[in-house]
Amino acid sequence: MSIKNLIFFGLLIFVPISASAHFLGWGELAVFVTAAIAIIPLAGWMGQATEEIAVVVGPSLGGLLNATFGNATELIIALIALNAGLINVVKSSITGSIIGNLLLVMGLSMLLGGIKFKEQDFQPVIARMNASSMNLAVIAILLPTAVDFTSPSITEPTLQRLSVAVAIVLILVYGLTLLFSMKTHAYLYDVGTAEEEGAEEEHHEAPNLPLWIGVLLAATLVVAIESEWLVGSLEVATKQLGLSELFTGVILLPIIGNAAEHATAVTVALKNKMDLSLSVAVGSSMQIALFVAPVLVIAGWLMGQPMDLDFNNFQLIAVAVSILIANSISSDGSSNWLEGTLLLATYTIIGLAFFFHPMIEGIG
Amino acid sequence: MSIKNLIFFGLLIFVPISASAHFLGWGELAVFVTAAIAIIPLAGWMGQATEEIAVVVGPSLGGLLNATFGNATELIIALIALNAGLINVVKSSITGSIIGNLLLVMGLSMLLGGIKFKEQDFQPVIARMNASSMNLAVIAILLPTAVDFTSPSITEPTLQRLSVAVAIVLILVYGLTLLFSMKTHAYLYDVGTAEEEGAEEEHHEAPNLPLWIGVLLAATLVVAIESEWLVGSLEVATKQLGLSELFTGVILLPIIGNAAEHATAVTVALKNKMDLSLSVAVGSSMQIALFVAPVLVIAGWLMGQPMDLDFNNFQLIAVAVSILIANSISSDGSSNWLEGTLLLATYTIIGLAFFFHPMIEGIG
Amino acid sequence: MSIKNLIFFGLLIFVPISASAHFLGWGELAVFVTAAIAIIPLAGWMGQATEEIAVVVGPSLGGLLNATFGNATELIIALIALNAGLINVVKSSITGSIIGNLLLVMGLSMLLGGIKFKEQDFQPVIARMNASSMNLAVIAILLPTAVDFTSPSITEPTLQRLSVAVAIVLILVYGLTLLFSMKTHAYLYDVGTAEEEGAEEEHHEAPNLPLWIGVLLAATLVVAIESEWLVGSLEVATKQLGLSELFTGVILLPIIGNAAEHATAVTVALKNKMDLSLSVAVGSSMQIALFVAPVLVIAGWLMGQPMDLDFNNFQLIAVAVSILIANSISSDGSSNWLEGTLLLATYTIIGLAFFFHPMIEGIG
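Residue numbers (UniProt numbering), protein chains in the order written: chain A, 1 to 364; chain B, 1 to 364; chain C, 1 to 364.
Here it is, written out as structure tokens:
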């Protein structure tokens, strides 16, 4: 058993602890912190189970499975928050996940990998395709926001109709990027997968399908429950911690939801597999921008919640600059420790800005 | 005779139809639609005649002719609309032509060419020079807009003086790009011309100069007339169609004005001549940004119309994101169907945004 | 003695002239103009003295010296203006120095070098590292400005605390870029230095350490004095010249402060040493963005002046577009005269925009 799994089993103790916190009334802060920690190993196993099942069912169906459930934890937390009407938390966690993956995960991978290997190479063609897809994503959230910003008279239903239409375009594009990377131009992406990586590392036997389906179902169920507690305690707990709702949504929640991806991306970067490391970081961002966000818009529309792609201007700026610098750094197909540092510095500055931002509902 | 010319002859029937619509009072909508269709073949022949004449008069004068009259249809429609005081329609059709060429024409070319050829290459050096020129163009329309946006007290005459000064700089730069591409660095651009392309296809004899000058004059005359009818019926007709003036200007008019270029760019892309295809799409955008728009600013100033480079913020954002994604996709010197799809998806999203934008005069 | 030094000695006459102007009360305009001219040779010698001393004390300490005192003139003028409470002049001169180095210096170098050599190559790896660092710099000034713009309720102390925190991050990043370029990846930057260049040109003997320390101290002292007079006469003099404070800060002051760098960058470009030419232009911009600006923020905080990174929106846009087009032009590792022209055209348009901008304190 890998060190990662050992740590994960250790963290499982927080599942009963968070349950006690919830049912015995230890206070919102205790529920929030323990539920947050409990979600980390569960999210890790959900990812692992998805990949193991993907291996068994074959590349096409498996790729689709991976692409659909890869960010399942974020999606579950967001759906629960959406149902609770916490639209701003949902939007914040979307922007935060994109920012976190592009700057924190990619930055740490490039920094630590770059310290060990001086210069690390990866496929510039894929980096540039991803850059263009991320540009499309930022355009897709920029335009509804700009429509709102430039027309004071627009009504929420109009914005939502526009957002749903844009969301459908994004999901179609996401489907086509899968077709591109798995069928028509699959040879470009022949860089190994996280699963192969895991296999190498652990020398384990053929995946046990029923076991992993069980793990997936169990982890999903517990994550749903824990997410309820997390979301329910969020408002009170963050106020007690002195943090704005915005800071929590953009910085804290994504770190919790993406902890497992962080570990994977850094681990493979330290093995000089930068293509794989970037595909985890950038792939996860793309999935959120082109799949999770549009699904949430459509879900919000069906739930009758005023969810749209009209993001707070400041969040939009943060996403845009993250994509700008990530594209600028990754487009040449090579990385070093200073490039990792620049990404982390950008993340720090964005974090500082969100920390000091006296965000008032409905203004920014 | 090519299929294109056959279709064009067929569409000529709309010249007398639109005349009937205008003189017999069939209503503004009928005039608008028939005049719009009648302009398509005329614009096509104006382009063809310009190129035929360019071949006869030699590369230097011919290049200049091409560069000056290449977007003659847009220029004529815009001048008539400008004279009628429809400043917003003029500005919309400038932004719409840039967006349409970069996203719709280039997107369709890359998509259809990419489906046929998997991977298509073109000269990255030229793509990057064009990218930098387009960046200058967006800066030139961004800055007067930003001056207006950041200084509530600015007067229209000041804005117009600034815009005229910027327009002169742009026309100088346009002249220098011609000098660069036709004289000092012509070897970079040795990729064939649309005329050679036509020649190959149709095995036709040496161009008949008097014939083509006649065609050019006749087509120009009729386009002027039809443009009068189009512009005159525009406001009532679009209202009847339930479209905003903005949507008409940004999306509909440019499709009419650029129909011939669309056909050429896609045709040559399907012959794997991406350099030529891009030079039609990007070249046309550059011509509009660096030549047509500045000429209209100076013309407006001479006509006493308040034409300037202070674009509506939302249009500016649309142009900026179009240039961003077009540059990001074309800078690597290679294209595939997914890149074409990304451009078309951006165009769709921009179209949706303009469709839903409840633009109110003087606000956005 | 080189022609440059001859001119510098000639200009020294303006030191006593400006002293007369100041003490004999010739009027603010005379003081301003003569002090401005007197600073040019002094700034040149400060730069030269720093480099000579750097040679003697060895590469590590010397590099640090160069990196710290390279923009000493700008820093001195800015500190004096900051102490006098001219926050807007300080901010303007920061943005103006970045814009001037990226557009005017780099543009002139590429234009004149390109006319002589047709095509000039330089290291694209360094150009891209610099591009990413400049992107970080623009993000660092964009975010505090955006925080202010999107939250009307923010207080100046909060903005200043945010700015000081961001400034500390930038100074750390600046230190790390020095570590990168002088230690861990020094081999990438092995392109000669301005000092070697001077040596070749002038065949001079080993540098005389006490002489140059004397020159440095004397020049620094006189610059300080002259800067006092310059800053003291600035407000009245520019009003007499009919120029806005903004235009003076963004366009005039940086040309004075960077005159020596302009000369060096163009001179080496004409010798086809584009790597060195760009390292002067871009290096100077980076130094201002990552070192001078943060130092001024921290100094302002210690002085009790409300200095922060909340720039006027219009200046921010000007810096952002300068970095955009400079990155777009330099990223391919090759330049020609048209690229130089595009940079100069951008500079001209920005200059026009600042000239016509009716900037009102506290609005833009």
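Backbone N, C-alpha and C fix where the C-beta goes; we use that ideal spot for every residue, glycine too.
Test: residue i CB closer than 8 Å to a CB of chain A
i: residue 148(B); result: no
i: residue 126(C); result: no
i: residue 129(C); result: yes
i: residue 366(B); result: Limits of chain B in this structure are 1 at one end and 364 at the other, which puts residue 366(B) out of reach.
i: residue 281(B); result: no
i: residue 102(C); result: no
i: residue 269(B); result: no
i: residue 61(B); result: no
i: residue 328(B); result: yes
Under 8 Å between C-beta atoms of residue i and residue j
i: residue 84(A); j: residue 309(A); result: no
i: residue 170(C); j: residue 126(C); result: no
i: residue 311(A); j: residue 174(A); result: no
i: residue 38(B); j: residue 18(B); result: yes
i: residue 133(C); j: residue 286(C); result: yes
i: residue 297(B); j: residue 137(B); result: no
i: residue 349(C); j: residue 250(C); result: no
i: residue 281(C); j: residue 135(C); result: no
i: residue 330(B); j: residue 278(B); result: yes
i: residue 352(B); j: residue 345(A); result: no
i: residue 338(A); j: residue 341(B); result: no
i: residue 120(A); j: residue 113(A); result: yes
i: residue 36(C); j: residue 30(C); result: no
i: residue 53(C); j: residue 178(C); result: no
CB contact check: residue i to chain B, cutoff 8 Å
i: residue 275(C); result: no
i: residue 162(A); result: yes
i: residue 94(A); result: no
i: residue 352(C); result: yes
i: residue 278(A); result: no
Bridge-paired residues (DSSP) for residue i
i: residue 121(A); result: 334(A)
Min CB distance residue i to chain C below 8 Å
i: residue 210(B); result: no
i: residue 319(B); result: no
i: residue 135(B); result: yes
i: residue 180(B); result: yes
i: residue 348(A); result: yes
i: residue 132(B); result: yes
i: residue 254(A); result: no
i: residue 166(B); result: yes
i: residue 339(A); result: yes
i: residue 356(A); result: yes
i: residue 144(B); result: yes
i: residue 169(B); result: yes
i: residue 87(A); result: no
i: residue 186(B); result: no
i: residue 332(A); result: yes
Any non-hydrogen atom of the ligand SAM closer than 7 Å to residue i Cβ
i: residue 232(A); result: With respect to the ligand SAM, the structure shown offers nothing to examine, as it has no ligands at all.
Practice item. Could you tell me which uninterrupted alpha helix (DSSP H) segments, each at least 4 residues in length, are contained entirely in the UniProt domain "Sodium/calcium exchanger membrane region" (29-182) of chain C, listed from first to last along the chain? Key: 59-69, 72-83, 87-99, 106-117, 124-150 and 156-179
**Study point:** Three or more C-beta pairs below 8 Å linking the segment 250-266 of chain B and the segment 39-50 of chain B
**Key:** yes
Review point. Okay, do the segment 230-243 of chain B and the segment 72-90 of chain B touch, 3+ Cβ pairs below 8 Å being the bar?
Key: yes
Check your understanding: Quick check: the segment 105-123 of chain A against the segment 248-256 of chain A, are there 3 or more CB pairs under 8 Å?
Key -> no
Practice item. Report yes or no: do three or more beta-carbon pairs, one from the segment 25-32 of chain C and one from the segment 215-226 of chain C, lie closer than 8 Å? Key: no
Check your understanding: Would you say the segment 314-321 of chain A touches the segment 138-153 of chain C, given that touching needs at least three Cβ pairs under 8 Å?
Key -> yes
Review point. Which whole runs of the beta strand (DSSP E) in the UniProt domain "Sodium/calcium exchanger membrane region" (213-353) of chain B are 3 residues long or more, in chain order?
Key: none
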